[in-house]
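Asker: UniProt numbering numbers the first residue of the sequence shown as 1 and each following residue consecutively. Every residue gets a Cβ at the ideal spot worked out from N, C-alpha and C, and that includes glycine. The structure displayed is predicted, hence computed values, not measured ones.
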Amino acid sequence: MRRMSKIAAVTMVGALALTGCGSNSGGGGGGSDSGSGGSASEDVCKSKTDGEGPKIGLAYDVGGRGDQSFNDSAYAGLKKAVDEIDATCVEANAQTDDNDTTRAERLRTLAEGGVNPVIAVGYLYSPAAAQVAPEYPDVDFAVIDGFSTTIAKDATNLADLTFAENEGSYLVGVAAALKSESGKIGFVGGVDGALIQKFEAGYVAGAKSVKPDIDVEIQYLTQDQNDAAAGYENPSGGKAAAEAMYQDGRDVVYHAAGKSGLGVFQAAAAAGEGNWAIGVDSDQYLTAPEDQQPRILTSMLKRIDTAVFEAGSAVADDSWKSGFVTYDLKSDGVGYSTSGGFVDDLRTQIDEAGDQIKSGEVTVPSEPEN
1 MRRMSKIAAV TMVGALALTG CGSNSGGGGG GSDSGSGGSA SEDVCKSKTD GEGPKIGLAY
61 DVGGRGDQSF NDSAYAGLKK AVDEIDATCV EANAQTDDND TTRAERLRTL AEGGVNPVIA
121 VGYLYSPAAA QVAPEYPDVD FAVIDGFSTT IAKDATNLAD LTFAENEGSY LVGVAAALKS
181 ESGKIGFVGG VDGALIQKFE AGYVAGAKSV KPDIDVEIQY LTQDQNDAAA GYENPSGGKA
241 AAEAMYQDGR DVVYHAAGKS GLGVFQAAAA AGEGNWAIGV DSDQYLTAPE DQQPRILTSM
301 LKRIDTAVFE AGSAVADDSW KSGFVTYDLK SDGVGYSTSG GFVDDLRTQI DEAGDQIKSG
361 EVTVPSEPEN
C-alpha cells in the first residue's frame with residue numbers, strides 16, 4: 001500500500017539574476033563516477049571567455065548552483081565541456097517567482113547572447129523552450145527532464161533529455177531494504193508529480209523485491225506543481241519530514257527533493273547510528289559535511305552532467321538529435337554510488353538487480369501502485 005502524507009512547505013529563497021559565468025561509484029551498470037564535479041565556489045564561465053568549442057548557455061532550475069544535487073550536476077557537465085572540448089559558457093539563474101513568461105525571456109536572453117546550445121535544467125522550462133526554440137532555428141535547445149517536444153512537435157532544434165530515474169531508484173530501494181533492520185523505510189519527494197513519482201515507484205519496487213512486506217512511507221513537500229521552491233529549496237521541510245520518519249522507526253530515508261534533501265541529511269545525522277539517508281542525482285556523500293557523511297548510505301546517480309556535456313559535444317561535432325533522448329541503466333545514465341563503503345557488502349545483490357533490469361528480466365514501474 002502506498003502510504004503518503006503531505007508536509008507543509010516553508011519557502012525562504014532570494015531572487016537570483018542572470019550571470020555570466022571523486023570518488024568512484026559503482027553499480028549495476030550505473031555510471032563510473034560521481035557526477036558531482038563542480039561547486040558553488042567555482043565559476044568557469046567567468047574565468048574562461050575564449051575557446052574554440054561551443055558557447056553553451058545553461059539556465060538553472062530553482063536552487064541554482066550550490067544545491068549539491070540537480071543543478072550542481074548540470075554545472076559539472078558544463079565544466080567538463082569547458083575543460084575537454086574548449087567550450088565557453090554563460091549561466092542563467094532561476095527566480096522563485098518564475099513563470100512560463102520569465103523562463104521564456106531567460107532562454108531568449110541566452111539565445112540573443114550568441115550561445116549554442118541553450119540547455120534548460122528542469123521540466124518547468126518545457127513550455128518556454130517549446131515557445132522559444134522555433135524563434136531561433138539556428139540555435140539548439142535542450143531541456144533536462146523536459147517534455148517540450150510534445151508541445152513543439154515540429155521543432156528540429158529542440159531535445160528533451162530524460163532519465164530512467166525509476167531504474168536507478170530501484171537499485172537504491174534494494175540497498176535500503178537490505179540495510180534496514182526495522183523493516184520500515186521512507187521517501188521524501190519534492191513536488192508530487194509524474195517526474196518525482198518515478199523515483200518513488202522505482203524505490204518502492206526495489207525495496208519490495210527484497211522484502212515484499214516492507215513498510216514504505218511516502219511524503220511530498222508540496223502538491224503544487226508551480227511551487228518548485230517549496231519542493232526543491234526547502235531544507236527545513238525536508239528535515240521535518242525525515243525527522244518524523246526516523247522518530248517513527250524508519251531507519252532508511254531516500255530523498256528526491258533537490259536542495260530540500262540537505263535537511264534529510266541533517267535529520268539522519270541527528271538520528272544517529274543505525275539510521276541512514278540516501279542522496280540523489282550526484283554522489284552527495286562527497287559534498288556533505290563530515291558529521292553527515294557516516295549516515296549517507298548511497299546516492300542514486302542521475303547523470304545530468306553527462307547529458308549536459310553530450311549536448312554541448314553534439315553541437316561541436318554537428319551530431320545534434322532532436323526529440324527525446326533517454327539515459328537509462330544500460331547507457332550508464334543512472335546508477336548508485338559507493339562512497340563511504342556502506343553498501344560494499346550489498347553490491348553483489350544490488351548489481352544482480354541491475355543486471356536483471358538491463359536484460360529485461362525485470363521491468364521497473366514508472367508510476368506508484370496507487
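Whose C-beta lies closer than 7 Å to the C-beta of GLU165 among residues of the same chain, with five residues either side of it excluded?
Answerer: Stepping through the sequence shown from its first residue, residue 165 is reached at position 165. The answer, listed in chain order, is LYS198, PHE199, GLY202, LYS302, VAL334.
Asker: Rounded to whole angstroms, how far is the Cβ of PRO134 from the Cβ of VAL315, which I believe are closer than 8 Å?
Answerer: For this step, residue 134 is matched to residue 134 along the sequence shown. For this step, residue 315 is matched to residue 315 along the sequence shown. Not confirmed; about 18 Å, so no contact.
Asker: Using a 10 Å radius around the Cβ and a threshold of 16 neighbouring Cβ atoms, would you call SER32 buried or exposed?
Answerer: Here residue 32 corresponds to residue number 32 of the sequence shown, with the count starting at 1. Caution applies to SER32, whose pLDDT of 36 falls short of 50 and renders its modelled position unreliable; the model cannot decide the point.
Asker: State the Cα-Cα distance for the pair HIS255 and LYS184, rounded to the nearest angstrom.
Answerer: The residue you call residue 255 lines up with position 255 of the sequence shown. The residue you call residue 184 lines up with position 184 of the sequence shown. Computed Cα separation, rounded: 15 Å.
Asker: With respect to the alpha helix (DSSP H) encompassing SER359, which residues constitute its N-terminal and C-terminal limits?
Answerer: In the sequence shown, the residue the question calls residue 359 occupies position 359. Where SER359 is concerned, the enclosing alpha helix (DSSP H) stretches over 347–359.
Asker: How many Å lie between ALA74 and MET245 at the Cα?
Answerer: Start at 1 with the first residue of the sequence shown, and residue 74 comes out as number 74. Start at 1 with the first residue of the sequence shown, and residue 245 comes out as number 245. Approximately 30 Å between the Cα atoms of the pair.
Asker: Within 7 Å: the Cβ of GLY249 and any heavy atom of the ligand NAP?
Answerer: Ligands displayed in this structure: none; no statement on the ligand NAP is therefore possible.
Asker: Please say whether TYR336 and SER299 have beta carbons closer to each other than 8 Å?
Answerer: Your numbering for residue 299 matches position 299 in the sequence shown. Your numbering for residue 336 matches position 336 in the sequence shown. Yes, the Cβ-Cβ distance between SER299 and TYR336 is below 8 Å.
Asker: Looking at the structure shown, is ALA343 part of a helix, part of a strand, or coil, going by DSSP?
Answerer: Locating residue 343 in the sequence shown gives position 343, counting from the first residue. Inspection of the sequence shows that residue 343 is occupied by Val rather than by Ala. In the structure shown, VAL343 sits in coil (DSSP, three-state: anything other than H, G, I, E or B).
Asker: By the 10 Å Cβ neighbour count, where 16 or more other Cβ atoms means buried, how is GLY26 classified, buried or exposed?
Answerer: In the sequence shown, the residue the question calls residue 26 occupies position 26. Any reading at GLY26 must be qualified, since the residue scores a pLDDT of 39, below 50, and its modelled position is unreliable; the value itself is stated next. With 16 or more other Cβ atoms within 10 Å, it is buried.
Asker: Does the region 166–179 come within contact of the region 206–221, defined as at least 3 CB pairs closer than 8 Å?
Answerer: The region 166–179 vs the region 206–221: in contact.
Asker: With DSSP run on the structure shown, which of helix, strand or coil describes GLN293?
Answerer: Translated into the one-based positions of the sequence shown, residue 293 becomes position 293. Three-state DSSP puts GLN293 in a helix.
Asker: Where do the N-terminal and C-terminal ends of the alpha helix (DSSP H) with ASP305 fall, by residue?
Answerer: Here residue 305 refers to the residue found at position 305 of the sequence shown. Run containing ASP305: 304–316, per the alpha helix (DSSP H) assignment.
Asker: Can you tell me the Cα-Cα spacing of GLU352 and ASP332, whole angstroms?
Answerer: Taking the first residue of the sequence shown as position 1, residue 352 is located at position 352. Taking the first residue of the sequence shown as position 1, residue 332 is located at position 332. About 15 Å.
Asker: Among residues of its own chain, excluding the 5 on either side of SER182, which ones have a beta-carbon nearer than 6 Å to its beta-carbon?
Answerer: Indexing the sequence shown from 1 puts residue 182 at position 182. Answer for SER182: GLY249, ASP251, listed in chain order.
Asker: Around the Cβ of LYS259, are there at least 16 other Cβ atoms within 10 angstroms (buried) or fewer (exposed)?
Answerer: Here residue 259 corresponds to residue number 259 of the sequence shown, with the count starting at 1. Buried, by the Cβ-count rule.
Asker: Return the CA-CA distance between PRO127 and THR306, expressed in angstroms with no decimal places.
Answerer: Numbered from its first residue, the sequence shown carries residue 127 at position 127. Numbered from its first residue, the sequence shown carries residue 306 at position 306. Spanning the two alpha carbons is a distance of roughly 23 Å.
Asker: Just to confirm before moving on: does the CB-CB distance between TYR220 and GLY189 stay below 8 Å?
Answerer: One-based indexing of the sequence shown puts residue 220 at position 220. One-based indexing of the sequence shown puts residue 189 at position 189. Cβ distance < 8 Å, so TYR220 and GLY189 count as in contact.
Asker: Using the rule of at least 16 other Cβ atoms within 10 Å of the residue's Cβ for burial, across every protein chain shown, is GLY279 buried or exposed?
Answerer: By 1-based counting over the sequence shown, the position of residue 279 is 279. Burial call: buried.
Asker: Does the beta-carbon distance from ALA242 to ALA267 come in below 8 Å?
Answerer: Here the question's residue 242 lines up with position 242 in the sequence shown. Here the question's residue 267 lines up with position 267 in the sequence shown. The answer is yes: Cβ separation under 8 Å.
Asker: Is there contact here, the region 53–69 with the region 77–92, by at least three beta-carbon pairs under 8 Å?
Answerer: Touching, per the Cβ criterion.
Asker: Mapping DSSP to helix, strand and coil, what is LYS184?
Answerer: The residue you call residue 184 lines up with position 184 of the sequence shown. Reduced to three states, the DSSP call for LYS184 is strand.
Asker: Does DSSP put TYR220 in a helix, a strand or coil?
Answerer: For the purposes of this step, residue 220 is taken as residue 220 along the sequence shown, with counting starting at 1. Of the three classes helix, strand and coil, the one that applies to TYR220 here is strand, per DSSP.
Asker: Please name the residue in ILE296, LYS239, CYS45 whose C-alpha comes closest to that of GLY77.
Answerer: Your numbering for residue 77 matches position 77 in the sequence shown. Taking only the C-alpha atoms, the option nearest GLY77 is CYS45.
Asker: Is it the case that the Cβ atoms of ILE151 and VAL308 are separated by a distance below 8 Å?
Answerer: On the sequence shown, residue 151 is found 151 positions in, with the first residue counted as 1. On the sequence shown, residue 308 is found 308 positions in, with the first residue counted as 1. Taking 8 Å as the Cβ cut-off, ILE151 and VAL308 do not qualify as a contacting pair.
Asker: THR162 lies in the beta strand (DSSP E); which residues open and close that run?
Answerer: The sequence position of residue 162 within the sequence shown is 162, counting from 1. Unbroken beta strand (DSSP E) run through THR162: 158–163.
Asker: Might you give, ordered along the chain, the residues of its own chain that have their beta carbon closer than 8 Å to the beta carbon of GLU52, omitting 5 neighbours on each side?
Answerer: Here residue 52 is taken as the residue at index 52 of the sequence shown, counted from 1. Hits under 8 Å: ASP86.
Asker: For ALA129 versus LEU158, is the C-beta distance shorter than 8 Å?
Answerer: Start at 1 with the first residue of the sequence shown, and residue 129 comes out as number 129. Start at 1 with the first residue of the sequence shown, and residue 158 comes out as number 158. Yes. Within cutoff.
Asker: Following the continuous alpha helix (DSSP H) through ALA155, name the residue where it begins and the one where it ends.
Answerer: On the sequence shown, position 155 is the one that residue 155 refers to. Where ALA155 is concerned, there is no enclosing alpha helix (DSSP H), given that its DSSP letter is neither H nor E.
Asker: Are there 16 or more other CB atoms within 10 angstroms of the CB of ASN234, so buried, or fewer, so exposed?
Answerer: Here residue 234 refers to the residue found at position 234 when the sequence shown is read from its first residue. Label assigned to ASN234: buried.
Asker: Which residue marks the beginning of the beta strand (DSSP E) containing VAL139, and which one marks its end?
Answerer: In the sequence shown, the residue the question calls residue 139 occupies position 139. Element bounds for VAL139: n/a, residue is neither H nor E.
Asker: In angstroms, rounded to a whole number, what distance separates the CA positions of GLY238 and PHE163?
Answerer: Residue mapping note: residue 238 aligns to position 238 of the sequence shown, counting from 1. Residue mapping note: residue 163 aligns to position 163 of the sequence shown, counting from 1. Computed Cα separation, rounded: 24 Å.
Asker: Look up TRP320 in the DSSP assignment and give the residues it is bridged to.
Answerer: On the sequence shown, residue 320 is found 320 positions in, with the first residue counted as 1. Answer is none; TRP320 lacks a bridge partner.
Asker: Find out if the Cβ-Cβ distance for the pair ALA229, LEU124 is shorter than 8 Å.
Answerer: As a first step, residue 229 must be located in the sequence shown, where it is residue number 229. As a first step, residue 124 must be located in the sequence shown, where it is residue number 124. No. Outside cutoff.
Asker: From which residue to which residue does the beta strand (DSSP E) around GLY335 run?
Answerer: Against the sequence shown, residue 335 aligns to sequence position 335. Start and end: 334–336.
Asker: Considering just the uninterrupted stretch of the beta strand (DSSP E) at GLU91, what are its terminal residues?
Answerer: Numbered from 1 along the sequence shown, position 91 holds the residue referred to as residue 91. 88–92 is the extent of the beta strand (DSSP E) around GLU91.
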